[in-house]
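Q: Quick one: this structure, given as C-alpha cells, is what I'll be asking you about.
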Amino acid sequence: MATRKVLIGGGTGFIGGNLGDLLTHKGYNVTNVARMPGANNISWTNLERSGLPKSCAVVNLAGQQFMDFTKAWTPGFKQNVQNSRVFTTQALANAINKAEEKPKVFIVLTGVGAYEPSELNRYDETSPTTGHDFFSRLTVEWEKAAHVDPPVRLVIIRSGAVLGRWGGMIKNMFMPFYLGLGGRIGTGKQYLPWIHIDDLTRLILFAIENENVKGILNGVAPDVITNDDFTQSFAKALRRPALIPVPERLLNFLLDPERAMIMTKGQHVTPKRVLQYGFKYNYPRIDVACQEFAHLCPKKHPLK
Ligand SMILES: NC(=O)c1ccc[n+]([C@@H]2O[C@H](COP(=O)([O-])OP(=O)(O)OC[C@H]3O[C@@H](n4cnc5c(N)ncnc54)[C@H](OP(=O)(O)O)[C@@H]3O)[C@@H](O)[C@H]2O)c1
Numbered sequence: 001m002a003t004r005k006v007l008i009g010g011g012t013g014f015i016g017g018n019l020g021d022l023l024t025h026k027g028y029n030v031t032n033v034a035r036m037p038g039a040n041n042i043s044w045t046n047l048e049r050s051g052l053p054k055s056c057a058v059v060n061l062a063g064q065q066f067m068d069f070t071k072a073w074t075p076g077f078k079q080n081v082q083n084s085r086v087f088t089t090q091a092l093a094n095a096i097n098k099a100e101e102k103p104k105v106f107i108v109l110t111g112v113g114a115y116e117p118s119e120l121n122r123y124d125e126t127s128p129t130t131g132h133d134f135f136s137r138l139t140v141e142w143e144k145a146a147h148v149d150p151p152v153r154l155v156i157i158r159s160g161a162v163l164g165r166w167g168g169m170i171k172n173m174f175m176p177f178y179l180g181l182g183g184r185i186g187t188g189k190q191y192l193p194w195i196h197i198d199d200l201t202r203l204i205l206f207a208i209e210n211e212n213v214k215g216i217l218n219g220v221a222p223d224v225i226t227n228d229d230f231t232q233s234f235a236k237a238l239r240r241p242a243l244i245p246v247p248e249r250l251l252n253f254l255l256d257p258e259r260a261m262i263m264t265k266g267q268h269v270t271p272k273r274v275l276q277y278g279f280k281y282n283y284p285r286i287d288v289a290c291q292e293f294a295h296l297c298p299k300k301h302p303l304k
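Okay, here's the thing in C-alpha cells:
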C-alpha cells in the first residue's frame, strides 16, 4: 500500500505549498518541517530530538531563495544559501537513517545548476556534474548530503526554473511583462530549462507512488527552449510587446555576475529518465504553460 503520510522540509514555500495542496487533495496527510510554528508544522529542532513521524514519505524543498533581491550577494548570504539546503537535507537524511521504521522514499529537489552552463553541451541524467561554479559546487554538496541507507529509495530531482503565477521566476517577472516592459535577457540565446509547477508537483507525487522510481531525474519539460523563446511565448500569452532587452552587463553590475548567471547563462537539459519511467506532462510545451499563468488574477488551477 502507498505511504499516506508525507513530511516536507520547506513545505511552506512556493513549491511546498503547491505540493501540499496536491497531496492533501489526493488524501495524504502532510506535515511540514519549518522554522516558524504553524498548524501542520514541526520545527527542525523537534525533528532532531524526536525523529521522523511513523511511516511517512520524506521530501526536502527547503532553501534560502538566492533570487531574493533585497539581499546582497555577500559571503554571509552565500553561506546561508548553501547551509539552508545542505544542512536541512542532512538533518532529514540523519533522521531517516536513525528511524526504526524507515520511510520508503526520500525525495530531494535540487537544481539543473548541477550542470555547467553551456550553449554546446547536451545534458541528461547520466551527464557528469562538473562543480566548477558556485551553483554546481553547491549542488554536488547538497546531493551528497542526501545519502540514506538502503532500502530507503532515494530520488533526486534536478529541477529547472519552476513556472507558476505565484512564485519563483514568474512572480519576479510578471509585472514588467504585464506592463509591456519585458524583454529577453542578454542575447536571449542561453537555454532556459523549465517546468510548470503542476508538472513538478505531479512528478514528486509520481516518485512517491511508483516504487520503481529511484536515482536522478531531471525535473524539466521535454520542450528545450532559450530565454528568447520564453520571452516571446510569455509576452504573446499576455498580449504584450517584449521589446526591452535587459543587458547582461546591467544584471552583472546589479546582482553580481555569480548570481546573475542563473539568468544570463543556461543549460540544454532533457528529462530522459523521466520519460523512460512513463511520466506524462500536462504542460510539455512553453506556449501552453504560459497560457496557464499569464493572468493577473488567475482562477485557482483545478488539481488533477
Ligand atoms: N523555484 C524554482 O524555480 C526552483 C528551481 C529549482 C530548484 N528549486 C529548489 O526548490 C526549493 C524550494 O523552492 P521554492 O521556490 O519553493 O522556494 P521558497 O518559496 O523560497 O520556499 C523555500 C522554503 O525553504 C525554507 N527556508 C528558507 N530559508 C531557509 C533556511 N535558511 N533554513 C531552513 N529553511 C529555509 C522556507 O521555509 P520556512 O521559512 O517555513 O522555514 C520555505 O518553505 C529550494 O531548495 C530551491 O533551491 C526551486
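The UniProt record's numbering applies: residue 1 is where the sequence shown begins, and numbers increase by one. Glycine included, every Cβ here is placed at the ideal spot set by N, Cα and C.
Whether or not the stretch 114-129 and the stretch 272-282 are in contact is what I'm after, with contact meaning three or more pairs of Cβ atoms, one per stretch, closer than 8 Å; do they touch?
A: yes
Q: Taking 8 Å as the cut-off, decide whether the C-beta atoms of residue 213 and residue 155 are in contact.
A: yes
Q: Near residue 165, what residues of its chain come up, given a Cβ to Cβ distance below 6 Å and the 5 sequence neighbours on each side ignored?
A: 293 and 298
Q: Within 10 Å of its beta-carbon, does residue 216 have 16 or more other beta-carbons around it, so buried, or fewer, so exposed?
A: buried
Q: For residue 187, does the count of other Cβ atoms within 10 angstroms reach 16, so buried, or fall short, so exposed?
A: exposed
Q: Can you look up residue 14 in the DSSP assignment and give me helix, strand or coil?
A: helix
Q: Who are the near neighbours of residue 283 in its chain, counting only those whose CB is closer than 7 Å to its CB and skipping five residues on each side?
A: Non-local C-beta neighbours of residue 283 in its own chain, meaning closer than 7 Å and more than five positions away in sequence, comprise 196, 198, 199, 221, 289 and 292, ordered along the chain.
Q: Who are residue 295's beta bridge partners in DSSP?
A: DSSP output for residue 295 lists no bridge partner at all.
Q: Any heavy atom of ligand 1 closer than 7 Å to the Cβ of residue 153?
A: no
Q: Would you say the stretch 104-115 touches the stretch 60-70, given that touching needs at least three Cβ pairs under 8 Å?
A: yes
Q: Using 7 Å as the cut-off, classify the Cβ of residue 88 as near or not near the heavy atoms of ligand 1, replying yes or no.
A: yes
Q: Do residue 205 and residue 26 have their C-beta atoms closer together than 8 Å?
A: yes
Q: Taking all protein chains shown into account, do 16 or more other C-beta atoms lie within 10 angstroms of the C-beta of residue 227, making it buried, or fewer, making it exposed?
A: buried
Q: Are the CB atoms of residue 327 and residue 31 nearer to each other than 8 Å?
A: Absent from the structure is residue 327, since the part of the chain shown begins at 1 and ends at 304.
Q: Mind checking residue 10: buried by the 16 CB within 10 Å criterion, or exposed?
A: buried
Q: Buried or exposed for residue 120, going by 16 or more other Cβ atoms inside 10 Å?
A: exposed
Q: Return the residue from the list 251, 237 and 232 that minimises the CA-CA distance to residue 243.
A: 232
Q: Contact defined as beta carbons within less than 8 Å: I believe residue 142 pairs with residue 86. What is the distance between those atoms, to the nearest angstrom?
A: 5 Å
Q: Look up residue 43 in the DSSP assignment and say whether it is helix, strand or coil.
A: coil
Q: In the DSSP assignment, the alpha helix (DSSP H) including residue 135 goes from what residue to what residue?
A: DSSP places residue 135 in the uninterrupted alpha helix (DSSP H) bounded by 134-144.
Q: What does DSSP give as the partner residue(s) for residue 236 in the beta ladder?
A: DSSP lists no partner for residue 236.
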